Each structure stands twice: as structure tokens, then as C-alpha cells.
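Below: the structure, in C-alpha cells.
Numbering (my numbering), first residue to last: 7 to 358.
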């Protein structure tokens with residue numbers, strides 16, 4: 007039974023997807039990534055199980071062949087490839103995998119069996135942040151079939167039973183940005199004038215970190231460290247958490263609301279003037295908290311993390327900080343709360 011074949015199956019948000027080497031742009035994981043893990047197969051199960059099908063919300067999204075991939079995990083990324091074809095052949099005498107081809111397809115989704123091989127045609131899509139997804143696995147097995155009197159061959163077959171379903175609410179990767187834009191309080195013709203300031207904004211030892219609220223999260227954390235190794239060791243960080251009631255609205259709002267968290271930098275352990283920071287988001291309703299891959303990254307558990315960011319107090323003198331503070335206080339009298347799209351310079355022209 008497939009339930010037995012996938013011992014200790016676990017499904018959760020992936021906490022460090024924004025920093026995975028294969029993520030070309032941060033936008034690739036804006037809608038969240040899901041990590042599925044299971045314990046290695048053992049005993050007779052290992053010899054007859056060739057791989058597994060990955061199912062999400064009743065649709066097959068990918069195939070993992072254990073003999074080739076040699077992995078006990080799968081990462082469901084948001085960047086789906088559309089129609090995709092995976093074909094593999096086996097040695098009918100030994101059951102070993104002989105060939106593996108993965109390429110785009112123009113055929114309808116489904117499974118095609120031949121005497122010595124199998125073709126999976128998948129309509130691949132990724133998870134959506136803020137929406138409950140159900141994941142299940144189904145085994146791909148090798149079975150000996152009698153082809154004539156006393157003659158048997160190995161053939162690929164699909165398991166009948168699915169693994170126990172696991173639910174998860176993907177959390178959007180928190181997006182941070184080096185420049186924070188604020189409405190300057192006046193217009194030029196038909197354009198609003200926006201000012202660009204570094205993120206975080208610094209007033210003495212007070213740092214205000216700006217980010218877009220991650221869809222799917224009902225709790226956000228900022229972590230700040232002076233650790234030059236940038237490991238975010240719990241003993242070397244200062245953390246601040248903000249929580250709110252879950253928003254059941256779907257589809258989620260776009261653009262996503264901008265938020266901020268203020269931190270007193272004197273609370274950060276250490277004495278260095280260079281700081282590293284990141285934003286994390288999670289939903290407290292998930293049965294399993296976000297986990298990293300590889301699982302040995304012990305400081306990355308608990309939240310879906312943004313990319314890591316750096317700033318330095320040495321880059322700004324005390325006079326610069328006081329001058330910046332006076333300017334911001336003056337602007338705050340007429341400031342309007344808007345969500346910026348992109349910083350292109352010190353002042354940005356924005357069409358109304």
C-alpha cells in the first residue's frame with residue numbers, strides 16, 4: 007500500500023526558496039514554494055518502487071524517479087512549465103532504468119504505457135499563495151508480468167493507493183527593496199512626486215524596515231544581526247514579530263499592501279556598524295511550520311524568508327541622520343500612503 011511506501015510524509019512551506027541557487031529571480035517564488043519530504047524506502051518496498059507521482063489538488067504536477075534522482079524530497083515551485091513530457095524506459099529483464107527524457111509536450115495530459123517504458127504528460131502549474139492546497143503522492147512500481155510459459159518481464163505500473171493527503175497554505179515570499187518611496191505631498195502637472203530614501207529609514211538608532219505584506223501570512227517577523235557570517239544565529243539576532251487576523255479574501259489584493267516594522271538598533275547584539283536583515287512570513291494555521299532545504303539549515307526554520315539585505319551606519323553621519331529626520335517630519339504633514347511600483351531615481355514621476 008502506498009501509505010506504507012511513503013513513511014513520515016511531511017508537507018510545508020519552503021522557508022529558503024528565495025535564496026535557492028536555481029531561483030533566477032526573486033519573483034520566481036513570490037507566490038510561495040512547497041517542500042515535500044519523506045523517509046527513504048526500505049526493505050522489499052525499495053526494490054519494487056521506481057519513483058512517485060506528485061499530486062496537488064487532484065492533478066498530477068510532476069514525477070520523481072528515485073533511481074535517477076536519488077532524493078527523498080520534492081520542491082513544488084510556482085514557475086510551472088505548462089505541458090511537459092517525461093519518458094523513461096526500463097530493462098525488462100532486470101527492472102533497471104535505461105533512459106530518461108524530459109521535454110516540452112503538445113499532447114493532452116495523461117499516462118502512456120509501452121512494453122518497456124512509460125510516458126507521463128503533465129500540465130504543470132505551481133502553488134498559489136493564500137490558498138489551501140492538498141498534496142498526495144502515488145507510487146510508481148515495477149511488477150513482474152508473465153509474457154509466456156515460464157517467462158516473466160518487469161513492467162512499470164502505477165500504484166492504486168495514494169498517500170495520506172496533507173494540507174498547506176503557501177505563503178508568498180516577503181519582498182524587500184533597497185529603496186523606499188514616499189509621496190512628497192505635491193504634484194507636478196498631472197504627476198505625483200515621490201521621494202526615494204534608503205530602506206531601512208534611519209533616525210539615529212531607530213531603523214524602519216519596509217516590505218510588501220506577504221499573501222497567505224498572518225504573522226511577519228523582522229530579524230536583524232551584526233553577525234559577519236550572516237547565519238542569523240538566534241544568539242546573535244534581534245527579532246520583532248507582528249501578527250494579525252487571517253484575511254480570507256480571495257483573490258488576494260494587488261498590489262500587495264506595503265508594511266513596516268521599526269527596530270531600535272541598540273537591541274541588536276554586538277557592536278559592529280554593519281547590519282544584515284530579513285523579513286519572514288508564515289500562517290499560524292499550517293500544521294507544519296515552514297522548513298528549509300537542506301534541512302540542516304537550522305536557523306531558517308519557522309518562517310518563509312525574504313532575501314538577505316545589508317546596511318551600514320558608517321555610511322551616514324549624525325548630521326546626515328538629523329537632516330533626514332527633519333525632512334521626513336516635514337513631509338509627514340502632507341504624506342499620502344500609496345504603494346510604489348518601482349524606484350528609478352531620487353525622485354519618481356508617478357501618473358495619477
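Think of the CB as a built atom: it goes at the ideal place given N, C-alpha and C, for glycine as much as any other residue. Since this is a predicted model, take the numbers as computed values, not measurements.
* What residue ranges within the segment 125-168 form continuous alpha helix (DSSP H) runs of no fewer than 4 residues, ordered along the chain? -> none
* **Cβ-Cβ distance between residue 175 and residue 136 below 9 Å** => yes
* How many Å lie between residue 145 and residue 55 at the Cα? -> 7 Å
* **Simplified DSSP state of residue 240, which is helix, strand or coil** => helix
* To which residues does DSSP link residue 295 through a beta bridge? -> Answer by DSSP bridge pairing: none, since residue 295 is not bridged.
* **residue 238 vs residue 305 beta-carbon contact at 9 Å** => yes
* Which of the three DSSP states, helix, strand or coil, is assigned to residue 14? -> coil
* DSSP on residue 264, reduced to helix/strand/coil? -> strand
* Does the distance from the C-beta atom of residue 173 to that of residue 226 stay below 9 Å? -> no
* To do: Mind listing, in chain order, the continuous beta strand (DSSP E) runs of no fewer than 3 residues lying wholly within the segment 37-120?
  => 40-43, 55-62, 65-71, 79-82, 88-96, 103-110 and 116-119
* Can you tell me whether residue 43 is buried or exposed, with buried defined as 16 or more other CB within 10 angstroms of its CB? -> buried
* Asked: Should residue 107 be labelled buried (16 or more other beta-carbon atoms within 10 Å of its own) or exposed?
  -> exposed
* To do: Assign residue 130 to buried or exposed, taking buried as 16 or more other Cβ atoms, counted over all protein chains shown, within 10 Å of its Cβ.
  => buried
* To do: Compute the distance between the beta-carbons of residue 296 and residue 221, then report whether it is under 9 Å.
  => no
* Reduced DSSP category for residue 170 - H, G, I as helix; E, B as strand; rest coil -> coil
* To do: Decide yes or no for the touch test of the segment 90-104 against the segment 201-215: beta carbon pairs closer than 8 Å, at least 3 of them.
  => no
* Please classify residue 31: does DSSP put it in a helix, a strand, or coil? => Note that residue 31 scores 43 on pLDDT, short of 50, meaning its location in the model is unreliable and no value can be drawn from it.
* Express the C-alpha separation of residue 147 and residue 164 in angstroms, rounding to a whole number. => 6 Å
* To do: For residue 142, I'd like the list of residues in its chain whose CB is within less than 6 Å of its CB, leaving aside the five on either flank, ordered along the chain.
  => 61, 168, 169 and 171
* Which residues does DSSP pair with residue 22 in a beta bridge? -> Looking at the DSSP assignment, residue 22 forms no beta bridge with any residue, so it has no partner.
* **Pairwise C-alpha distance: residue 308 and residue 205** => 24 Å
* How would you label residue 316, buried or exposed, when you count the other beta carbons within 10 angstroms and need 16 or more for buried? -> exposed
* Asked: Around the C-beta of residue 263, are 16 or more other C-beta atoms found within 10 angstroms, so that it is buried, or is it exposed?
  -> exposed
* Secondary structure of residue 302, DSSP reduced to three states -> coil
* Work out the CA separation of residue 66 and residue 236 for me, nearest whole Å. => 38 Å
* To do: Within its chain, find whatever has a CB closer than 7 Å to the CB of residue 267; leave out the 5 residues flanking it on each side and keep chain order.
  => 215, 228, 246 and 248
* To do: Measure the alpha-carbon distance for residue 21 versus residue 154 and round it to whole angstroms.
  => 53 Å
* To do: Compare the C-alpha of residue 288 against each of 310, 294, 269 and 157 and name the closest.
  => 310
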